[in-house]
Amino acid sequence: MSDRLAQLAAAGVAIWLDDLSRVRLVTGGLDKLRRECHVSGVTTNPTIFAKALSDADVYADQIKELAARGVEIEEATRMLTTYDVRWACDVMRPSYDVSKGLDGRVSIEVDPRLAKDTERTKAEAKALWWLVDRPNLFIKIPATVEGLPAISAALADGISVNVTLIFSLERYDQVMDAFMTGLEQAKANGHDLSTIGSVASFFVSRVDSEVDKRLDKIGTPEAAALKGKAAIANARLAYQHYEKAFSSDRWRTLADAGARPQRPLWASTSTKNPDYRDVMYVEELIAPGVVNTMPEPTIHAYADHGEVRGDTITPYYADAQQVLDDLGRLGIDYDDVVDVLEREGVEKFAASWNELLDGVTKSLEAAKSGADDPGKAAAGCAKTEAQQ
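Note that the UniProt record's numbering gives residue 138 to position 138 of the sequence shown, counting from 1, and the numbers run on in steps of one.
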């Protein structure tokens, strides 16, 4: 079954797992995916952690220790999540070493409630980098306007960054500019650019969810014909922007100094509409030098029936632009769509983080009161898959 995944990797797509839990680490499930399913990286987000910490048993001992030490809620939450990420970094280290630092990366996100606060985001990125203390770590920073200078600042300090929650082509251009600015500053600061990694996480399926909803309201045959096309078109055009940015003289100067490109990463690649082929956000977004981060069911679905049809991005730039033009003619406002998605993305992750904090609070309180299973109180903090 994994032969299809091998073909996908050979076509230039790095296969990353969009999930992490201590159960995966304890049972060896993550290492098995690395060894048998060509998984070469891991991404996390607040929703994933909220779900993971609802599995009480594997966290119970650490929660008891944190409660005994009287650790505050936010610090306890960071101790729990960074413990898992540090462990995952160690599991993925062979992929990091074999790829000479390109893959084998594990991402952890700054507190999403700081998405509009540049200075606090910069400080937290530093703190997480220090706390996990692994070279194959990525710090996830949202691509909000306020996040852009924090991205540059982190890179300037030699911190590898996963820029998350990218929806618009304009913002993606700003992200790539922030990346190069950060590397230029890192070079000036004396850092070895070859050790600094970065990906830009362009969210996919959520675009279709929002656009399809608007197309349904229009209700015409022309609108119906465009359903399920916006997300792939948007991502394909993002790759066109990537090719342009990383063929510039500015980039060549950085590359000559040892820098590696900031790879496009396709995030949110599980299909939300059951009418769509379950691997379409993988099959239709194949090109050299990209990352596709998938939940495990999508990985197994691709292993079972996914197809590699060569490069499914660069030959279709004109078609992709035509899709966005057609949507515009129907009254679908692209700028409004991506603005809504960015705002909702930040709000959803912040809500998941608050629920995570609430679950940890209940667990610590249970541990302090001497409950037999202090982790059970966290069971209510898991979010539904619709929020991922």
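All C-beta atoms in this analysis are idealised placements derived from N, C-alpha and C, irrespective of residue type, glycine included. This structure is a prediction, so every number in the text was calculated from the model and none was measured.
Q. Is the region 277-284 touching the region 297-315, taking contact as three or more C-beta pairs under 8 angstroms?
A. Touching, per the Cβ criterion.
Q) Is the CB-CB distance between G197 and G101 below 8 angstroms? A) Cβ distance < 8 angstroms, so G197 and G101 count as in contact.
Q) Is there contact between the region 324-334 and the region 224-234, where contact requires at least three CB pairs shorter than 8 angstroms? A) Enough Cβ pairs lie closer than 8 angstroms, so yes.
Q: Could you round the C-beta distance between L327 and L226 to whole angstroms and report it? I think they count as a contact, below 8 angstroms.
A: Confirmed, Cβ separation roughly 6 angstroms.
Q: Take T361 and list the residues in its own chain whose beta-carbon comes closer than 8 angstroms to its own, dropping the five residues that flank it on each side.
A: So the list reads I73, once near-sequence residues are dropped.
Q. Does the Cβ-Cβ distance between I166 and I151 come in under 8 angstroms?
A. Their beta carbons are not under 8 angstroms apart, which means I166 does not touch I151 by this criterion.
Q: Give the straight-line distance between the Cα atoms of V106 and L20, rounded to the nearest whole angstrom.
A: Separation of V106 and L20 (C-alpha to C-alpha, rounded to the nearest whole angstrom) is 9 angstroms.
Q: Measure the C-alpha to C-alpha separation of G41 and R214 and round it to an integer number of angstroms.
A: Cα atoms of G41 and R214: separation of roughly 35 angstroms, rounded to the nearest angstrom.
Q. In chain order, what residues of the same chain lie with their CB nearer than 7 angstroms to the CB of P288, ignoring the 5 residues before and after it?
A. Closer than 7 angstroms at the Cβ level, and outside the excluded window around P288, lie G12.
(Q) Can you give me the C-alpha to C-alpha distance between P374 and K368, rounded to a whole angstrom? (A) Note that P374 has pLDDT 42, beneath the 50 cutoff, so the model's placement of it is unreliable and the number below is only indicative. Whole-angstrom Cα-Cα distance: 8 angstroms.
Q: For F49, collect the residues of the same chain with a Cβ closer than 6 angstroms to its Cβ; drop the 5 residues on either side in sequence, then sort them by chain order.
A: Here the set comprises T81 and L356.
Q.
Suppose contacts are defined by Cβ-Cβ distances below 8 angstroms. Is L364 in contact with L66 by that definition?
A. In this structure, L66 lies closer than 8 angstroms to L364 by Cβ.
Q. Nearest to E184 by CA position, among D208, G158 and N273, is which residue?
A. In this structure, G158 is the residue among D208, G158 and N273 with its C-alpha nearest to the C-alpha of E184.
**Q.** Cβ-based neighbour list, L254, same chain, cut-off 8 angstroms, excluding 5 preceding and 5 following
**A.** Answer for L254: M180, L183, E184, K187 and L193, listed in chain order.
Q. With a Cβ-Cβ cutoff of 8 angstroms, do R86 and G104 count as a contact?
A. Taking the C-beta atoms as reference points, G104 is found no nearer than 8 angstroms to R86.
(Q) If you follow the beta strand (DSSP E) that S248 is in, where does it begin and where does it stop? (A) S248 -> no beta strand (DSSP E), and no H or E assigned at all.
**Q.** Residues bridged to M294 (per DSSP)
**A.** In the DSSP assignment, the residues bridged to M294 are L17.
(Q) Comparing C-alpha positions only, which one of R134, H191, D173 and P135 sits nearest to A153? (A) Put simply, of R134, H191, D173 and P135 the residue whose alpha carbon is nearest the alpha carbon of A153 is H191.
(Q) Can you check which of these residues, V58, K51 and W16, is closest to T27 by C-alpha distance? (A) The shortest CA-to-CA distance from T27 to any of V58, K51 and W16 is the one to V58.
Q.
Do A200 and V163 count as a contact pair if the criterion is CB distance below 8 angstroms?
A. Yes.
Q. Where does D133 land, buried or exposed, given buried means 16+ other C-beta within 10 angstroms?
A. Counting other Cβ atoms within 10 Å of its Cβ, D133 stays below 16 and is therefore classed as exposed.
Q | Reference V110; option with closest CA among Y96, T77, V98 and C89 | A | Nearest C-alpha to V110: T77.
Q. Smallest Cα separation from T118: which of G147, W129, K348 and E283?
A. Here the closest residue by C-alpha is G147.
Q. Considering S201, what are the terminal residues of the beta strand (DSSP E) in which it resides?
A. It spans S198 to F203 - the beta strand (DSSP E) in which S201 sits, taken as one unbroken run.
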